[in-house]
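*Asks:*
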Amino acid sequence: MSKQFEEFISQLSETNATLDYFTDFEKIKSNIRPISIKLNQLNYLIGTTDLKRAIEELFV
1204 MSKQFEEFIS
1214 QLSETNATLD
1224 YFTDFEKIKS
1234 NIRPISIKLN
1244 QLNYLIGTTD
1254 LKRAIEELFV
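Residue numbering for the sequence shown is 1204 to 1263, as defined by the working numbering.
1) Using the three-state DSSP reduction, which class does residue 1215 fall into: helix, strand or coil?
2) Helix, strand or coil, according to DSSP, for residue 1223 in the structure here?
3) How many Å lie between residue 1212 and residue 1206 at the Cα?
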């Protein structure tokens, strides 16, 4: 590891706050539910090498 990274890690303090303290996961789930199919389509398109062909396959 680099010296800067080790120094950064050594300066972090432990906490008992979990991700739930910072994020409302139930709200996220409820907001994503209506657009989840579109998000999956975008994820599929991002991973393709031939974007034009993938769009035609997906939407035609």
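Yeah, the Cβ is synthetic: ideal placement off N, Cα and C, and Gly gets one too. Fair warning: this is a prediction, and the values are worked out from it, not measured in the lab.
*Replies:* With the structure as the only source:
1) Translated into positions along the sequence shown, residue 1215 becomes position 12. Correct three-state label for residue 1215: coil.
2) By one-based count along the sequence shown, residue 1223 stands at place 20. Reduced to three states, the DSSP call for residue 1223 is helix.
3) Locating residue 1212 in the sequence shown gives position 9, where the first residue counts as 1. Locating residue 1206 in the sequence shown gives position 3, where the first residue counts as 1. So the two alpha carbons sit approximately 10 Å from each other.
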